[in-house]
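There are 2 protein chains.
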Amino acid sequence: MSELEVRQLRYFVAVAEELHFGRAAERLGMAQPPLSRAIRDLERHLGVRLLERTTRQVALTPAGEVFLHDARTALDAVTAAARRARHAGQPTPSLRVALKADFDAGLLPRILAAFQREDAALPVELLLGGRGDQVPALHDGRADIALLPTPFDNHDLDVEPLLTEPRLLALAADDPLAARSSLCLADLAGRSLPDGTPADRDGRPPTTARTQNGREQSPSPPRGRVVEAQPTPLDLAKIFNLIELGSIIMFLPVSVASRHRRLGIAYRNVGDLPPTTLVLAWPQDSRSPAVAAFVRAATAVAKAAQADAQTDQDQTDQEAPQRAMM
Amino acid sequence: MSELEVRQLRYFVAVAEELHFGRAAERLGMAQPPLSRAIRDLERHLGVRLLERTTRQVALTPAGEVFLHDARTALDAVTAAARRARHAGQPTPSLRVALKADFDAGLLPRILAAFQREDAALPVELLLGGRGDQVPALHDGRADIALLPTPFDNHDLDVEPLLTEPRLLALAADDPLAARSSLCLADLAGRSLPDGTPADRDGRPPTTARTQNGREQSPSPPRGRVVEAQPTPLDLAKIFNLIELGSIIMFLPVSVASRHRRLGIAYRNVGDLPPTTLVLAWPQDSRSPAVAAFVRAATAVAKAAQADAQTDQDQTDQEAPQRAMM
DNA sequence: GCTCACTCATATCCGCACGGTATCAATCCG
DNA sequence: CGGATTGATACCGTGCGGATATGAGTGAGC
Numbered sequence: 001m002s003e004l005e006v007r008q009l010r011y012f013v014a015v016a017e018e019l020h021f022g023r024a025a026e027r028l029g030m031a032q033p034p035l036s037r038a039i040r041d042l043e044r045h046l047g048v049r050l051l052e053r054t055t056r057q058v059a060l061t062p063a064g065e066v067f068l069h070d071a072r073t074a075l076d077a078v079t080a081a082a083r084r085a086r087h088a089g090q091p092t093p094s095l096r097v098a099l100k101a102d103f104d105a106g107l108l109p110r111i112l113a114a115f116q117r118e119d120a121a122l123p124v125e126l127l128l129g130g131r132g133d134q135v136p137a138l139h140d141g142r143a144d145i146a147l148l149p150t151p152f153d154n155h156d157l158d159v160e161p162l163l164t165e166p167r168l169l170a171l172a173a174d175d176p177l178a179a180r181s182s183l184c185l186a187d188l189a190g191r192s193l194p195d196g197t198p199a200d201r202d203g204r205p206p207t208t209a210r211t212q213n214g215r216e217q218s219p220s221p222p223r224g225r226v227v228e229a230q231p232t233p234l235d236l237a238k239i240f241n242l243i244e245l246g247s248i249i250m251f252l253p254v255s256v257a258s259r260h261r262r263l264g265i266a267y268r269n270v271g272d273l274p275p276t277t278l279v280l281a282w283p284q285d286s287r288s289p290a291v292a293a294f295v296r297a298a299t300a301v302a303k304a305a306q307a308d309a310q311t312d313q314d315q316t317d318q319e320a321p322q323r324a325m326m
Numbered sequence: 001m002s003e004l005e006v007r008q009l010r011y012f013v014a015v016a017e018e019l020h021f022g023r024a025a026e027r028l029g030m031a032q033p034p035l036s037r038a039i040r041d042l043e044r045h046l047g048v049r050l051l052e053r054t055t056r057q058v059a060l061t062p063a064g065e066v067f068l069h070d071a072r073t074a075l076d077a078v079t080a081a082a083r084r085a086r087h088a089g090q091p092t093p094s095l096r097v098a099l100k101a102d103f104d105a106g107l108l109p110r111i112l113a114a115f116q117r118e119d120a121a122l123p124v125e126l127l128l129g130g131r132g133d134q135v136p137a138l139h140d141g142r143a144d145i146a147l148l149p150t151p152f153d154n155h156d157l158d159v160e161p162l163l164t165e166p167r168l169l170a171l172a173a174d175d176p177l178a179a180r181s182s183l184c185l186a187d188l189a190g191r192s193l194p195d196g197t198p199a200d201r202d203g204r205p206p207t208t209a210r211t212q213n214g215r216e217q218s219p220s221p222p223r224g225r226v227v228e229a230q231p232t233p234l235d236l237a238k239i240f241n242l243i244e245l246g247s248i249i250m251f252l253p254v255s256v257a258s259r260h261r262r263l264g265i266a267y268r269n270v271g272d273l274p275p276t277t278l279v280l281a282w283p284q285d286s287r288s289p290a291v292a293a294f295v296r297a298a299t300a301v302a303k304a305a306q307a308d309a310q311t312d313q314d315q316t317d318q319e320a321p322q323r324a325m326m
């Protein structure tokens, strides 16, 4: 029983995703026959049939399904090993923080400042990726820690909640729904969110094949060196354009909404829309003191911010107890 | 940037563990020169120095340390993928449950029975491994779910507590400590546990290189097909012999202790010894309905058992409120 | 129903990368 | 200073991965 090789995993994943030997071979930059042979050898090696194939159709067997899943995580693990080693070998290692621009509840500057006061502080590198890219970035070693809102797929991650805040519905000001006095999720059936999921099914998008898109610029960085990660296919500016046009709607944490007030867009309360929690997430096996220091700094800042918000809220309540939301 | 290969990871891990190219090459079943070259190529590929070597000494760089860790988990991930695929391809797949013999708080028969009544039930295969082998078995795909007592290293695992029970100190009946009216952890300084750790530092043993020992038989299986996993270097029988001889002491959950009352061994309460919790653990990314069914069955059984124990305890308290422990 | 197009499998060849042997170079020890 | 130990270098052969050419089975169209 020699040993499985990474190349075989890559080949299998390609075929399993394409369900077509020719296209998979093309994607892998090789010819089709050696790919067929490689898959055959892999199956022989495992003693298990992974793909059911006729000359016209390729399908995954049950064993193939589980192997696809495990092969993906194994591939992630080896690329993560490579990336983290490369990063750790840098003369001045940095802490790479993945987040989606603006989705920091305004805490980021304070967190970064508090972190820099920690003993284990390092230069911070911000990876501004699209929503849903933070978790893969942690898994494949591009990032050391991530700041992101629930819900998300937290497999294999340690998590520390920072603060919970309600979300608002962002929609075109002239949308009929904007005139309603109260809304609930059921009213949004048929509307679509920026990622294409229907609005009445608020969760993470189905995990399809990971796409890799082109480059794109991103709004102003709060601080630190900024690197474009897997760039957002739709950045917030474009999303707001689409919202204004009425073609999509979106749920936004109040902290994000309050930064993007503009004509043509209305924010509305949705009764049964669950709140979101901004959390820190990092690989469970992280032994990095810098990550620990960042978590310490961030939780301290969040705690303070939450206390401030509470007193603010109290004051607001006193001044205008029943003021309607926007 | 071609791609890291499993072979390179195996090589590096061997060298990093041996800190000696010759021995590592021997362990890998190859000559030393190609190993040296492979490591050099790996470092060149990563652009990072992993090992600091003179002609007389080999040491890990900081980057090497992190890469060693990640390489191990990556290797685990690929062997897990292979094993799980092989297992999923079996004509009659089974649910492989890892546990240490006797450390089931007596729940196992009932859990297995309840599980068999579940819709998603499968034949159960018990892997009776040594303490500390359950977690690796989950990670490398030998087991689908594990039953084990806290504390343990729960990296990358989902966990469901079943029941918490106090632990007793097992020691030789003629041990001076056995005559003491009360004990605390500090009294045990200098004593050693079966795994070699000092008794006053109750945690998991340091993760050294994984050893693979010889075969060995194991006590009567409760049910289902039984397979010897990584066999216990010291099974409970031998451990009790050593305890009787006074050379070691051990902490045992009351459920285990009550099954192994024998002359020559005394059980004593230790005031500040934290209790242990029997938990189920399984890979976080498991999508197996059988695992879910097992968790359901086990939690139900544990809940019932805890309720029973509570009423028993109440009765016992009524009958003999101040009865001394053993 | 025959044919064509499509797609996966087989056959054969080739180049290279991995591993082996021989040897060198550097460091530690007596 | 010499022998022993240990990692690095040089060189060579072979096995494996990849390419090209071709076969075979299947669904679609006329």
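Protein chains in written order, with full-length UniProt numbering: chain A, 1 to 326; chain B, 1 to 326. Using N, Cα and C, we set each Cβ at its ideal position, and we do this for glycine too.
For residue i, return the contacting residues in chain B, with the cut-off set at a CB-CB distance below 8 angstroms.
i: residue 48(A); result: 85, 86, 88 and 89
i: residue 150(A); result: Going along chain B, no residue has its Cβ under 8 angstroms from residue 150(A), so there is no contact; the nearest lies around 16 angstroms.
i: residue 7(A); result: 3 and 5
i: residue 119(A); result: The contacting residues do not exist; residue 119(A) stays about 17 angstroms from chain B at best.
i: residue 144(A); result: Per Cβ cutoff of 8 angstroms: no residues; residue 144(A) is ~11 angstroms from chain B at best.
Under a CB-based cut-off of 7 angstroms, is residue i close to chain A?
i: residue 139(B); result: no
i: residue 41(B); result: no
i: residue 13(B); result: no
Mapping the DSSP letters down to three states, classify residue i as helix, strand or coil.
i: residue 229(B); result: Annotation note: pLDDT 45 at residue 229(B) (below 50); position unreliable, coordinate value reported separately. DSSP places residue 229(B) in coil when its eight states are reduced to three.
i: residue 167(B); result: strand
i: residue 275(A); result: coil
i: residue 156(A); result: coil
i: residue 50(A); result: coil
i: residue 251(B); result: strand
i: residue 135(B); result: helix
i: residue 58(B); result: strand
i: residue 142(A); result: coil
i: residue 302(B); result: helix
i: residue 125(A); result: strand
i: residue 283(A); result: strand
i: residue 270(B); result: coil
i: residue 149(B); result: strand
i: residue 212(B); result: Residue placement at residue 212(B) cannot be trusted, given a pLDDT of 34 that sits under 50; what the coordinates show is reported in the next sentence. If DSSP states are grouped into helix, strand and coil, residue 212(B) belongs with coil.
i: residue 93(B); result: coil
Which residues in chain A sit within 8 angstroms of residue i, going by Cβ to Cβ distance?
i: residue 180(B); result: Going along chain A, no residue has its Cβ under 8 angstroms from residue 180(B), so there is no contact; the nearest lies around 39 angstroms.
i: residue 73(B); result: 77, 81 and 285
With C-beta atoms as the reference, is residue i less than 7 angstroms away from residue j?
i: residue 146(B); j: residue 96(B); result: no
i: residue 67(B); j: residue 50(B); result: yes
i: residue 76(B); j: residue 284(B); result: no
i: residue 291(A); j: residue 280(A); result: no
i: residue 299(B); j: residue 164(B); result: no
i: residue 25(B); j: residue 32(B); result: yes
i: residue 108(B); j: residue 302(B); result: no
i: residue 103(B); j: residue 297(B); result: no
i: residue 272(A); j: residue 184(A); result: yes
i: residue 243(B); j: residue 305(B); result: no
i: residue 105(B); j: residue 255(B); result: yes
Are the C-beta of residue i and some C-beta of chain B separated by less than 7 angstroms?
i: residue 67(A); result: yes
i: residue 78(A); result: yes
i: residue 63(A); result: yes
i: residue 133(A); result: no
i: residue 70(A); result: yes
i: residue 216(A); result: With a pLDDT of only 35 at residue 216(A), under the threshold of 50, the placement of this residue in the model should not be trusted; the figure read from the coordinates follows. Not closer than 7 angstroms to any Cβ of chain B, the Cβ of residue 216(A) fails to qualify, so no.
Quick one: list the residues of chain A neighbouring residue i, beta-carbon separation under 9 angstroms, in chain order.
i: residue 272(B); result: Result: empty, since nearest Cβ-Cβ is about 27 angstroms, beyond 9 angstroms.
For this session: Taking only beta carbons into account, state which residues of the region 156-173 of chain A come closer than 8 angstroms to chain B, listed in chain order.
Result: 156
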